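Last residue of the sequence shown? That's 265 in full-length UniProt numbering, and every number before it is there in order.
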Amino acid sequence: MKIFVDVLILENYLVSMFLIIITARILHIKKEYLFIHLSSLIAALYTLTILFPKVKILSAVPFKILMPFIIVFIAFRIKDLLINIKAAFTYLALSFLLAGICFFIEIRNISITSKFVIDSFNYKKFLLGIIIIFLIVERIVSFIKDRGEITSYIYKLEIKHKECITSFYAFLDTGNELREPATNLPVIIVEKSVMDIIAIKNEKSFLIPYKLVDGSRGVINGFIPEEIWLFKKNKKMLIRAVVCFTDEILSIEKDYRALLSRGII
């Protein structure tokens with residue numbers, strides 16, 4: 001019997017991804033698709049252990065029991081042991097359920113009593129088709145949901161300073177509590193390309209110390225514009241804040257050009 005390794009890997013990759021996503025939905029675990037793809041690929045490659053004698057020991061029972069724990073740990077990256085155990089057993093249960101469905105369809109003589117009979121029903125292609133459709137729909141729904149959540153945190157800003165008036169969109173970063181120490185004003189981080197930096201070079205600047213997640217520290221310069229207007233739905237709010245500039249692009253999709261501190265809203 002000929003076995004196409006690439007087809008075998010692809011089929012098991014799709015099935016593993018399907019099982020991992022269903023597991024995440026059942027246990028209400030947040031999905032990160034990069035790690036789900038990685039975990040699915042590892043699970044798919046693990047099936048090759050039954051084909052190569054040199055690594056056949058990896059298909060022994062102890063490794064088969066350990067593998068679901070490795071798969072869910074890579075996919076979800078949760079340190080809680082109890083949740084990992086639940087996820088592993090849920091993944092296993094779903095695997096057995098899917099295998100049982102495949103076995104049931106394979107041994108069943110499927111016929112249609114009208115004008116034709118299906119002599120050879122390829123259950124594998126049928127199930128893979130369902131899985132592919134599910135994965136596509138699930139990804140589209142997740143994308144729309146994520147975009148909706150991001151949009152709800154985006155506000156329009158208008159900064160007026162001397163003769164310069166600039167409008168752009170800003171994202172409310174709920175984890176950002178950066179404030180200027182002397183005035184205790186919240187900080188807005190804006191891309192340099194948004195405003196005319198030359199026009200505000202001579203303004204009084206404020207030094208704002210910051211600390212990153214990795215522990216590194218630094219100081220950024222900022223200034224207080226004459227007016228900052230925040231538009232929220234149909235409301236217009238005048239706010240006071242220190243504006244700092246960054247060389248980085250804050251949104252690859254260009255959804256927003258600035259980050260708002262949590263203290264602004």
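All residues carry an ideal CB built from backbone N, CA and C; glycine is no exception. All of these numbers come straight from a predicted model, not from anything done at the bench.
Counting only C-beta atoms, is L259 closer than 8 Å to chain B at any point? The chain inventory of the structure shown lacks chain B, comprising one protein chain alone.
Where the alpha helix (DSSP H) through H37 begins and ends: 33 to 46
Cβ atoms of L94 and L19: under 8 Å apart, would you say? yes
With a cut-off of 8 Å, do at least 3 Cβ pairs link the region 71 to 87 to the region 18 to 33? As far as the Cβ criterion goes, the region 71 to 87 touches the region 18 to 33, which means the pair count is three or higher.
Could you give the residue range of the alpha helix (DSSP H) that holds A170? No alpha helix (DSSP H) contains A170, which is instead part of the beta strand (DSSP E) from 164 to 172.
What would DSSP say about E11, mapped onto helix, strand or coil? helix
What distance in whole Å lies between the Cβ atoms of T151 and K192, which are believed to be in contact at a cut-off of 8 Å? That belief does not hold up - the Cβ atoms of K192 and T151 are roughly 25 Å apart, past 8 Å.
From I26, I85, M67, K145, residue whose alpha carbon lies closest to that of Y46: The shortest C-alpha separation from Y46 is found at M67.
Going by DSSP in three states, Y91 sits in which element: helix, strand or coil? DSSP places Y91 in helix when its eight states are reduced to three.
Where does K56 fall in DSSP's three states? helix
Exposed unless 16 or more other CB atoms sit within 10 angstroms - verdict on P53: That one is exposed.
Buried or exposed for T174, going by 16 or more other Cβ atoms inside 10 Å? exposed
Is the region 174 to 190 close to the region 243 to 262, with three or more CB pairs under 8 Å? yes
Let me know the secondary structure DSSP gives I265 once reduced to three states. coil
From what residue to what residue does the alpha helix (DSSP H) around F69 run? 61 to 76
Please confirm whether G218 and V242 have their CB atoms less than 8 Å apart. Note that the C-beta distance between G218 and V242 is not below 8 Å.
V141 to L97 span [Cα, whole Å]: 25 Å
Pair within 8 Å by beta-carbon distance, P225 and K145: Not in contact: P225 and K145 (Cβ atoms no closer than 8 Å).
Identify the residues that DSSP records as bridge partners of K156: which are they? Y169, F231
Count the other CB atoms within 10 Å of the CB of F4; is the residue buried (16 or more) or exposed (fewer)? exposed
With a threshold of 16 other CB atoms inside 10 Å of the CB of L207, please say whether the residue is buried or exposed. exposed
Would L230 and I239 be called neighbours here (beta carbons separated by less than 8 Å)? yes
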